[in-house]
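Each residue of the sequence shown is one higher than the one before, counting from 1 in UniProt numbering.
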Amino acid sequence: MPGNAIPQDKTRPASGIVHLGLGAFFRAFGCVYVADAMAASGGDWGIIGVSLRSPDTRDALRPRGWRYQSVTLAPDSEMICDIDVLNDVLVAPDDPVAVLAAMADPAIKIVSLTVTEKGYCHNPSTGALNLDHPDIQHDLAHPTPVSAPGFLVRALEMRRAADHMPFTVLTCDNLPENGKLVRGMVLQLAQEIDPRLAVWIEKNGRFPSTMVDRITPATTPADIDRIAARTGISDAGPVFHEPFSQWAIEDDFVDDARPDFAAAGAEMVADVSAHEDMKLRMLNGTHSALAYTGYLAGHETIADTIADPVFAQYARLLWSEIMPSVEAPKGVSLADYADALFARYSNPSIRHRTWQIAMDGSQKLPQRILGTLRDNMAAGRPSPRLCLAVAAWMRYGVGTDEAGQYIDVRDPLADQMRAAAASADTVADKVAAYLALRDIFPADMADKLQEPVTQAAQLLWTKGARAAAQEVSS
Ligand code: CS2
């Protein structure tokens, strides 16, 4: 069922963007930039949001006509802003045809995405689309898709048939060279469906890469109640985030059609790979490392973890291991960037759960940690703290914590991970079983990681995460 589009009036910008994956992050980030860009420079860049799975966001936002509050949480203050940039919210499983129709409308110039790493149905270790993925199998067999790549390809097919230009695909997920990666997957799927379509997309399509950054923990029912009590406004869909925000975007759009992102503070660049590498390795890499070790040590949030002096020191030394593998973007000091990350992680108002960041580790590890490890190994630099992060992800995947309590491991490979952990008695063999997961570890890397990761895992299994972090940080 369509989500009740707001009647278009002259004072309201028409829609120019369809966004797939309308989670808290995009509403705290992309929607704010687009609203600011229109406030500065105008344009018809209203957004049609699409949820690919659940109706929850639509149902939460509908009573206020798709408006919601964005709450900026500084360490000692908060600021509330009403964001009014959504013109409609659609729920793909309810009405995939309406989603395709919106994407095929020539007034739509951009389809942006935050569907999380696993939403692309690709192989994390190679970056290729996984043609055996059940959702991709479905989309190959049916014209109404279920997957994000399926929606992109089928909507582009409709635009080609109607003789319209393609939309620009603007991915905002934490993947390396995300635009290039998604382009490859879209071409791969298009090739399977209709090779002429693939040629047309290859020639006319645009897939700028982006680096996105704003820490946005999932909204909790307690957050909703607190803000309602403060403002007196009943809003079931507020988003909560840190003050910091950074968006670097490759300026490569079909017909140059885009909001004035620069007026909203985004950096328009020719090549985003340096920004992306720095952010994925230094922020997301340490986020995941602190999430697994912190969770195992009993810390609920990143702020709690980094307030523990052992993990503060561990984080500092992780950055010193990561920095030699990162080429700083022009004008940026990596040491200052690390200091800023430390301050951001320490913000006590941001209750970012280690459990939330630990989710989907199999999809996150390659770009966050394994690329750095590969570079460090090639340069002969030992990386005991990064190896501890990998071992902690393995230990987390066992599914019970250090006190024997159940861990709710959310990961598309959770079954394989638990099986790997249970398949052997010795820690070295457990590590070997994990390293044999080829969706994550290429064979050459697995060989090289066996010894250093086993060493870290021995420490972790015998002494626990906090003592292990302390030992590798001394
Ligand atoms: C986090 C990211 O949940 C996670 O895996 O590492 O969502 C992180 O907060 C953002 O990338 C920050 O920009």
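Cβ coordinates follow ideal geometry from the N, Cα and C atoms, glycine included.
Evaluate contact between the segment 355 to 372 and the segment 98 to 109, counting only Cβ atoms and requiring at least three cross-stretch pairs below 8 Å. Too few Cβ pairs lie closer than 8 Å, so no.
Keeping to the same chain, check which residues put their C-beta closer than 8 Å to that of Val254; ignore five residues upstream and five downstream. Within the same chain, Val254 has close Cβ partners Lys109, Met165, Pro166, Phe167, Thr168, Asn204, Gly205, Arg206.
If you pair each beta-carbon of the segment 271 to 291 with each one of the segment 58 to 77, do three or more pairs fall below 8 Å? Result no; under three Cβ-Cβ pairs closer than 8 Å.
Would Ala148 and Val85 qualify as a contact pair, given that the criterion is a beta-carbon distance under 8 Å? Going by C-beta atoms, Ala148 is not nearer than 8 Å to Val85.
Among Phe342, Asp336, Ile407, whose alpha-carbon lies nearest the alpha-carbon of Ala297? Considering only Phe342, Asp336, Ile407, the residue with the shortest C-alpha distance to Ala297 is Ile407.
Beta strand (DSSP E) runs contained entirely in the segment 58 to 98, provided each spans 3 or more residues: Correct list: 68 to 74, 77 to 83, 86 to 91.
Extent of the continuous alpha helix (DSSP H) to which Ile369 belongs: Element bounds for Ile369: n/a, residue is neither H nor E.
Could you give the distance in angstroms between the alpha-carbon of Pro134 and the alpha-carbon of Leu413? Looking at the two C-alpha atoms, the distance is approximately 14 Å.
Taking DSSP's pairing of strands, which residues face Glu267 in a bridge? Within the DSSP secondary-structure output, Glu267 pairs in a beta bridge with Ala248.
Can you say whether Leu449 is buried or exposed, counting buried as having 16 or more other CB atoms within 10 angstroms of its CB? It counts as buried.
For a quick check, are the C-beta atoms of Ala264 and Tyr33 less than 8 Å apart? Ala264 is a Cβ neighbour of Tyr33, given a cutoff of 8 Å.
What is the residue span of the beta strand (DSSP E) that Leu129 lies within? Careful: Leu129 lies outside any beta strand (DSSP E) and carries neither H nor E.
Leu197, DSSP secondary structure in three states: Helix.
Could you tell me the distance, in whole angstroms, from the CA atom of Gln313 to the CA atom of Ser473? So the alpha carbons of these two residues sit roughly 6 Å apart.
In chain order, what residues of the same chain lie with their CB nearer than 7 Å to the CB of Pro243, ignoring the 5 residues before and after it? Within the same chain, Cβ atoms closer than 7 Å to the Cβ of Pro243 are found at Thr72, Ala74, the five residues on either side in sequence being excluded.
If distances are taken between C-alpha atoms only, which option among Ala389, Leu113, Thr11 comes closest to Leu317? Of the listed residues, the one whose Cα sits closest to Leu317 is Ala389.
Looking at the secondary structure, which residues open and close the alpha helix (DSSP H) in which Phe25 lies? Per DSSP, Phe25 belongs to the alpha helix (DSSP H) from 24 to 28.
Val453: first and last residue of the uninterrupted alpha helix (DSSP H) it sits in: For Val453, the enclosing alpha helix (DSSP H) covers residues 443 to 463.
Nearest residue (CA-CA) to Trp319, options His299, Thr301, Ala303, Leu341: Among His299, Thr301, Ala303, Leu341, the Cα nearest to that of Trp319 belongs to Leu341.
Would the beta-carbon of Gln367 be found less than 7 Å away from any heavy atom of the ligand CS2? Answer for Gln367: no, Cβ out of range of the ligand CS2.
Helix, strand or coil at Arg12 according to DSSP, with G and I counted as helix: Three-state result, Arg12: coil.
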